[in-house]
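Just so you know, the sequences run in chain order A and B.
Quick note on the numbering used here: the first sequence kicks off at 7 and runs consecutively.
Quick note on the numbering used here: the second sequence kicks off at 7 and runs consecutively.
There are 2 protein chains.
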Amino acid sequence: MSDPADHNRVWTLARRPSGTPTDDCFAFESRPLPEPGSGEALVRTLFLSVDPYMRGRMRAGESYAEPWDVGAPLEGGVVGEVVTSNGTPFDRGDLVVGNLRWADYATAPAHALTPVDVGDLPASTALGVLGMPGRTAYFGTREVAEPRPGDTVVVSAAAGAVGSVVGQLASMAGARVVGTAGSERKLEWLHEIGFDAAVNYRAADDYDAALAEAAPNGVDVYFDNVGGPLTDAVFDRLNVDARVAVCGQIALYNAEERPVGPRKLGSLIASRARVEGFLVSDFAPRFEAATADLRRWVEAGEIDYRETVTDGLENAPDAFRGLFEGENVGKQVVRVADDYS
Amino acid sequence: MSDPADHNRVWTLARRPSGTPTDDCFAFESRPLPEPGSGEALVRTLFLSVDPYMRGRMRAGESYAEPWDVGAPLEGGVVGEVVTSNGTPFDRGDLVVGNLRWADYATAPAHALTPVDVGDLPASTALGVLGMPGRTAYFGTREVAEPRPGDTVVVSAAAGAVGSVVGQLASMAGARVVGTAGSERKLEWLHEIGFDAAVNYRAADDYDAALAEAAPNGVDVYFDNVGGPLTDAVFDRLNVDARVAVCGQIALYNAEERPVGPRKLGSLIASRARVEGFLVSDFAPRFEAATADLRRWVEAGEIDYRETVTDGLENAPDAFRGLFEGENVGKQVVRVADDYS
Numbered sequence: 007m008s009d010p011a012d013h014n015r016v017w018t019l020a021r022r023p024s025g026t027p028t029d030d031c032f033a034f035e036s037r038p039l040p041e042p043g044s045g046e047a048l049v050r051t052l053f054l055s056v057d058p059y060m061r062g063r064m065r066a067g068e069s070y071a072e073p074w075d076v077g078a079p080l081e082g083g084v085v086g087e088v089v090t091s092n093g094t095p096f097d098r099g100d101l102v103v104g105n106l107r108w109a110d111y112a113t114a115p116a117h118a119l120t121p122v123d124v125g126d127l128p129a130s131t132a133l134g135v136l137g138m139p140g141r142t143a144y145f146g147t148r149e150v151a152e153p154r155p156g157d158t159v160v161v162s163a164a165a166g167a168v169g170s171v172v173g174q175l176a177s178m179a180g181a182r183v184v185g186t187a188g189s190e191r192k193l194e195w196l197h198e199i200g201f202d203a204a205v206n207y208r209a210a211d212d213y214d215a216a217l218a219e220a221a222p223n224g225v226d227v228y229f230d231n232v233g234g235p236l237t238d239a240v241f242d243r244l245n246v247d248a249r250v251a252v253c254g255q256i257a258l259y260n261a262e263e264r265p266v267g268p269r270k271l272g273s274l275i276a277s278r279a280r281v282e283g284f285l286v287s288d289f290a291p292r293f294e295a296a297t298a299d300l301r302r303w304v305e306a307g308e309i310d311y312r313e314t315v316t317d318g319l320e321n322a323p324d325a326f327r328g329l330f331e332g333e334n335v336g337k338q339v340v341r342v343a344d345d346y347s
Numbered sequence: 007m008s009d010p011a012d013h014n015r016v017w018t019l020a021r022r023p024s025g026t027p028t029d030d031c032f033a034f035e036s037r038p039l040p041e042p043g044s045g046e047a048l049v050r051t052l053f054l055s056v057d058p059y060m061r062g063r064m065r066a067g068e069s070y071a072e073p074w075d076v077g078a079p080l081e082g083g084v085v086g087e088v089v090t091s092n093g094t095p096f097d098r099g100d101l102v103v104g105n106l107r108w109a110d111y112a113t114a115p116a117h118a119l120t121p122v123d124v125g126d127l128p129a130s131t132a133l134g135v136l137g138m139p140g141r142t143a144y145f146g147t148r149e150v151a152e153p154r155p156g157d158t159v160v161v162s163a164a165a166g167a168v169g170s171v172v173g174q175l176a177s178m179a180g181a182r183v184v185g186t187a188g189s190e191r192k193l194e195w196l197h198e199i200g201f202d203a204a205v206n207y208r209a210a211d212d213y214d215a216a217l218a219e220a221a222p223n224g225v226d227v228y229f230d231n232v233g234g235p236l237t238d239a240v241f242d243r244l245n246v247d248a249r250v251a252v253c254g255q256i257a258l259y260n261a262e263e264r265p266v267g268p269r270k271l272g273s274l275i276a277s278r279a280r281v282e283g284f285l286v287s288d289f290a291p292r293f294e295a296a297t298a299d300l301r302r303w304v305e306a307g308e309i310d311y312r313e314t315v316t317d318g319l320e321n322a323p324d325a326f327r328g329l330f331e332g333e334n335v336g337k338q339v340v341r342v343a344d345d346y347s
């Protein structure tokens, strides 16, 4: 491990975006290397996670996550290595994850860092299949969506970091799994990893017809990462006692006007469906067990994963915006340490 | 009990309504008195129930209840007395309920009739607080909405047959109960029967402000009979782990275009709220126990009820349309047998 650089590059929020975040919403600053205080560690960023929920943090006070201040550093999931431990239980070189700055280096108190053991898997998996997205899929599927053998399960953004794991967990539970995604390349991967049917929502003129073909027996479980018209079409096909897990609504996150759509609550009466939102953080006491299960399944080849790696901290805003264009297959990460693979 | 008349008045569906059902949607026919076949009873209608869900049956195949055919008799909950038993377990004079025609008399097989024991209460209660609306409130509150001590519970159409019972059951469960209704007269009654706060949605310019005042600590349970903008405002105030029971959407039933409104699914993520539709018929095996509980609570004065009685079968369509104008306080029934109170 090389000595730390003598400066630190940090992304800050230059102004709140209106619609899709433009370049002038982000500022790339050069700052001195931070000094860890007592009980803190200095961490070198290996990979940075960009996630759709971050769009909410760019807004003033409208999301479940704390809004970022204008002028303050952006933050996100980071997997990094400890450079200096100033009275923490970590040693130099230890692999940790934490919610840290979009920066080359960051300091953090010991309680904000979690040691990581990815075995023979790449460190970046600690931000993806073995990290927050994997655990979101794990708890959302098992505790909220609850697929049963023979169920038809529909997953939106199925080729994403969360959706791809949801679909595979649902398959393992004996369900018939239908994914929606935005490109033929993604659809191919969905078929490779065991999805029974897949809908290219960009190619479909008529969501109702496409869903009727992909889910001819109706929908027992819907795991929603997207929202909007695709979700409307699924609501029209819910079977009796269907369950809908609301994980994300990426189709709406860049909207500046409050999005409107057909009123669908009435469709829950005939179907007696249950629609439930959830946050993975509520399951924190069980994260360790979830990660162990996921790692075991990945190592055994039962769960496949992909990552889209963008090189260079300087490209983090582009990687983030790419999420809303559907450019990533699997987990989107930014490789910050160029000597690390 | 007098001898049956020699003719029978019957309401039929003359044509499917567009929007609010107009007079020409209904036809009032005079027919011969029906003859009960073997295993059937002839029942004289005492009271007829009109209910919002019937609007769905006037449409071709869009509701959870079977659509009525044009030209066929309208049907609804009836409490009546057995006139002739042709091989049924009932005796002449027995009080029964069933889903029968909007008519002076109807025949029905034994399995379609349920004996009624209302004790000292009026027979009409078998269509209201001791009937389908009471049971809808009972199961919807206890099995879906699940109010807990200290919860804030909001009930829409709170002065209706279902809502008034929901509110009182929630009070019994130790919750703080807020009702919405459309007139000061209804609000007065809500206060009389123990609602802690009430909102006149017709007088409120701003639902958000009215709800913020009536439910300052947010909403833990929402029992929705109404839908539309009022429901939007409640969704913005859902607390963490809130439960929403979707019972009806009366605000939307007369709409001919698909109603649109703000997309609210995203609000379920931060609140981790659960939204669930239900049909009382799913609880049929437990109806007897529910009715016994309700009767006990009414007799003990723990549950109050009101009925709005429209006199004369000829006025049944008006009574039905009045539901959508919010004219009824408590259960709306039609007194068909003019010698019966």
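Every residue, glycine too, gets a C-beta built ideally from N, C-alpha and C.
The structure presented is a predicted model; accordingly, all values stated were derived computationally and were not measured.
- With contact defined as three or more Cβ pairs closer than 8 Å, the segment 146-160 of chain A and the segment 222-229 of chain A are in contact.
- With 16 or more neighbouring CB atoms inside 10 Å of its own CB, residue 18 of chain A falls in the buried class.
- Secondary structure within the segment 33-98 of chain B: the beta strand (DSSP E) runs of 3 or more consecutive residues, fully enclosed, are 46-55, 81-92 (chain order).
- Within the same chain, 199 come within 6 Å of residue 310 of chain A by CB-CB distance, once the 5 residues on both sides are set aside.
- Contact between residue 27 of chain A and residue 64 of chain A holds: their C-beta atoms lie close to 7 Å from each other, under 8 Å.
- Interface flag for residue 273 of chain A against chain B is set, since a Cβ pair is found closer than 9 Å.
- By the CB criterion at 9 Å, residue 283 of chain A and residue 33 of chain B fall outside the cutoff.
- Our two residues, residue 144 of chain B and residue 174 of chain B, have alpha carbons roughly 10 Å apart in a direct line.
- Buried is the label assigned to residue 221 of chain B, since at least 16 other Cβ atoms lie within 10 Å of its Cβ.
- Under the rule that a run must span 3 or more residues, the beta strand (DSSP E) segments found entirely inside the segment 104-179 of chain B read 111-115, 119-121, 158-161.
- Interface criterion met: the Cβ of residue 70 of chain A is under 9 Å from a Cβ in chain B.
- Under a criterion of Cβ atoms nearer than 9 Å, the residues of chain B adjacent to residue 233 of chain A are, in order, 269, 271, 272.
- As summarised for the segment 202-269 of chain B, the continuous alpha helix (DSSP H) elements at least 4 residues long and confined to that stretch are 213-220, 235-241, given in chain order.
- Of all alpha-carbon atoms in B:233, B:275, B:262, B:146, the one lying nearest the alpha-carbon of residue 290 of chain B is that of B:146.
- With distances taken between CA atoms, residue 60 of chain A lies nearest to A:325 out of A:211, A:325, A:51, A:93.
- Where residue 324 of chain A is concerned, the enclosing alpha helix (DSSP H) starts and stops at 322-331.
- When Cβ-Cβ separations below 9 Å define contact, residue 230 of chain A makes contact with chain B.
- Scanning its chain for C-beta atoms nearer than 8 Å, with the 5 sequence neighbours on each side dropped, one finds around residue 293 of chain B the residues 141, in chain order.
- Just so you know, the alpha carbons of residue 269 of chain B and residue 189 of chain A end up roughly 26 Å apart.
- Neighbourhood of residue 265 of chain A in chain B, by CB distance below 8 Å: 268, 269, in chain order.
- Collapsing the DSSP output to three states places residue 297 of chain A in a helix.
- Not one beta carbon of chain A lies nearer than 9 Å to the beta carbon of residue 141 of chain B.
- In the same chain as residue 204 of chain B, and ignoring 5 residues on each side of it, the C-beta atoms closer than 6 Å to its own belong to 185, 193, 196, in chain order.
- Per the Cβ contact rule, the segment 107-114 of chain B is not in contact with the segment 123-136 of chain B (fewer than 3 Cβ pairs under 8 Å).
- When rounded, the separation of the alpha-carbon atoms in residue 170 of chain B and residue 55 of chain B is 17 Å.
- Annotation for residue 308 of chain B: no beta strand (DSSP E) segment contains it, and DSSP assigns it neither H nor E.
- Residue contact check for residue 284 of chain A against chain B: a CB pair falls below 9 Å.
- Residue pairing by DSSP places residue 187 of chain A opposite A:206 in a beta bridge.
- Annotation: residue 79 of chain B to residue 43 of chain B spans about 19 Å, alpha carbon to alpha carbon.
- Scanning chain B for C-beta atoms nearer than 7 Å to the C-beta of residue 63 of chain A yields nothing, as the closest lies near 13 Å away.
- Remark: C-beta atoms of residue 322 of chain A and residue 52 of chain A do not approach each other more closely than 9 Å.
- Beta-bridge partners of residue 13 of chain A (DSSP): A:38.
- For residue 274 of chain A, the enclosing alpha helix (DSSP H) has its first and last residue at 273-277.
- In this structure residue 168 of chain B does not touch residue 122 of chain B by the C-beta definition: roughly 19 Å separates them, more than the 8 Å allowed.
- Taking 8 Å as the Cβ-Cβ cut-off, the segment 233-258 of chain A approaches chain B at 233, 234, 237, 252, 253, 254, 255, 258, given in chain order.
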